[in-house]
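All remarks here apply to the structure that follows.
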Amino acid sequence: MLTVSNLVKLYGNEKALDNLSFTGKSGEIIGLIGPNGAGKSTAMNIITGYLAPTSGEVEINGFNIQTNPIEARKSTGFLPETPPLYTKMTVYEYLNFAAELKGIKKDRNKCVKSVIERLSLEEVQNKLTGTLSKGYRQRTGMAQAIINNPRLLILDEPASGLDPRQITEMNSLILSLKSDSLIILSSHQLKEVYNLCDKILLINKGKLLFSGTSSEISAGLKNKETAMELVLSYNGVSADSVILENGFAITSKTEKTDRVKYLLTWTGKSEKKDLLISKLLEKGFSLVSLKLRDNNLEELYLKLTEEKK
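Going by the UniProt record's numbering, the sequence shown opens with residue 1, and the numbers climb by one from there.
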């Protein structure tokens with residue numbers, strides 16, 4: 001379905017991409033993660049034909065994006081980080097225009113109405129795109145990306161600007177498109193990537209540092225740490241010493257007027273957290289909430305990007 005071979009992109013003497021290679025097939029969701037400036041958006045723009053590589057090749061369904069761009073892009077949908085909206089068009093007019101550009105002639109109005117319904121855009125379909133909230137702009141951009149039922153769907157920060165309910169709906173939509181398509185998405189929300197994606201690619205300074213599944217991430221980490229979010233009522237007394245004495249590391253601490261939130265990590269059995277809670281209660285601290293967090297991808301991300309600094 002998709003073959004990316006030895007992509008290099010130079011800006012002067014700077015390498016935005018450094019021999020990036022990977023493959024993908026229908027039925028997969030591939031997550032592209034990395035720090036700002038890692039090369040994620042550059043890779044997506046090259047794959048979709050919006051940017052030419054310095055060297056290397058991209059093939060979509062057997063068609064080279066540089067030598068046969070029309071055929072390669074026929075089955076591609078792209079949502080950039082900033083949706084490409086025409087602010088003087090209504091949502092309906094814009095999607096009708098997008099459908100025309102993508103060669104949809106038969107039942108075009110039916111196609112537009114269908115994608116409006118799928119993205120819950122009914123109440124804004126007659127509004128100018130320039131007047132939309134960020135969330136509606138993002139959903140309108142997603143609508144143009146999928147209007148041609150693409151075999152390859154590329155999403156750059158698809159949940160940007162969405163509220164929690166809309167993020168859940170967007171993730172459900174992405175999963176519903178997976179069976180017939182290869183989906184490549186970039187996101188800074190590591191938990192979202194971990195839960196959604198079949199394969200994860202970690203890029204830094206244009207280089208591919210890691211490629212693998214969620215289970216391979218877990219297997220590849222030694223001395224795996226567990227993380228939890230702990231919230232205590234704040235009574236003016238610090239719980240730091242109790243936490244540290246019981247073998248926990250404090251990753252972050254946020255104090256508010258009536259409570260304090262810790263992000264803690266530890267190595268060892270899960271029962272260790274129960275012992276900590278007992279010690280805190282003995283010392284007079286009140287527990288507000290406790291939530292375990294899957295730290296696998298975050299741990300790998302920090303480990304590999306730190307090593308390459």
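Think of the CB as a built atom: it goes at the ideal place given N, C-alpha and C, for glycine as much as any other residue.
Bear in mind the structure is a predicted one, so any value in this text is a computation, not a measurement.
Item: Of the choices T3, L276 and G27, whose alpha-carbon is the least far from that of L20?; Value: T3
Item: Assuming A99 and V91 form a contact by the criterion Cβ under 8 angstroms, report the distance between their Cβ atoms to the nearest whole angstrom.; Value: About 13 angstroms; that fails the 8 angstroms criterion.
Item: How would you call K291, buried or exposed, if buried means at least 16 neighbouring beta carbons within 10 angstroms?; Value: exposed
Item: Give me the DSSP bridge partner(s) of E57.; Value: S5
Item: To test your reading of the DSSP string, which unbroken alpha helix (DSSP H) runs of 4 or more residues are found completely within the segment 83–133?; Value: 91–101 and 108–118
Item: How is the alpha helix (DSSP H) around E81 delimited, first residue to last?; Value: Careful: E81 lies outside any alpha helix (DSSP H) and carries neither H nor E.
Item: Do you know how far the Cα of I243 is from the Cα of L276?; Value: 7 angstroms
Item: Evaluate contact between the segment 75–88 and the segment 142–150, counting only Cβ atoms and requiring at least three cross-stretch pairs below 8 angstroms.; Value: yes
Item: E14 lies in the beta strand (DSSP E); which residues open and close that run?; Value: E14 to G24
Item: With DSSP as the reference, label D198 as helix, strand or coil.; Value: coil
Item: Below 8 angstroms, how does it come out for the segment 254–267 and the segment 231–242: are there three or more Cβ pairs, yes or no?; Value: yes
Item: Are the C-beta of T168 and some C-beta of chain C separated by less than 8 angstroms?; Value: The structure shown contains no chain C; it holds only a single protein chain.
Item: Between E298 and V124, what straight-line distance do the alpha-carbon atoms span, to the nearest angstrom?; Value: 37 angstroms
Item: Leaving out five residues on either side along the sequence, give the residues of the same chain with a beta carbon under 6 angstroms from the beta carbon of L209.; Value: L202 and L304
Item: To the nearest angstrom, report how far apart G284 and K273 are at their CA atoms.; Value: 17 angstroms
Item: Considering only the alpha carbon of each residue, which of P150, P164, P80 and Q166 lies closest to Y50?; Value: P80
Item: From G12 to S278, what distance separates their C-alpha atoms?; Value: 59 angstroms
Item: Comparing C-alpha positions only, which one of T54, G24 and T23 sits nearest to K15?; Value: T54
Item: Taking DSSP as the reference, what is the three-state secondary structure of I65?; Value: coil
Item: Compare the C-alpha of I46 against each of Y194, T76 and S120 and name the closest.; Value: T76
Item: Contact check, W266 vs T226 under 8 angstroms by CB: the rounded distance?; Value: 6 angstroms
Item: Identify which residue in I183, M89 and N148 has its Cα closest to the Cα of L132.; Value: M89
Item: Report buried or exposed for T42, applying the criterion of at least 16 other Cβ atoms within 10 angstroms of its Cβ.; Value: buried
Item: Within this structure, are the beta carbons of V8 and G56 separated by less than 8 angstroms?; Value: yes
Item: As a quick exercise: from A72, K106, L95 and K40, pick the residue whose alpha carbon is nearest that of L128.; Value: L95
Item: What does DSSP give as the partner residue(s) for A249 in the beta ladder?; Value: T265
Item: Just verifying my parser: in three-state terms, what is the DSSP assignment at K283?; Value: coil
Item: Can you give the Cα-Cα distance for L264 and G161, rounded to whole angstroms?; Value: 28 angstroms
Item: To the nearest angstrom, how far is it from the Cα of K222 to the Cα of I174?; Value: Model confidence at K222 stands at a pLDDT of 49, short of 50, so the residue's coordinates are unreliable; what they give is reported in the following sentence. Going from the Cα of K222 to the Cα of I174 covers about 32 angstroms.
Item: So what does DSSP say about Y50, is it helix, strand or coil?; Value: coil
Item: Let's see if you can read the secondary structure: which residues bound the beta strand (DSSP E) around T226?; Value: T226 to S233
Item: Using a Cβ-Cβ cutoff of less than 6 angstroms, which residues in the same chain neighbour K74 once the five nearest sequence positions on both sides are dropped?; Value: none
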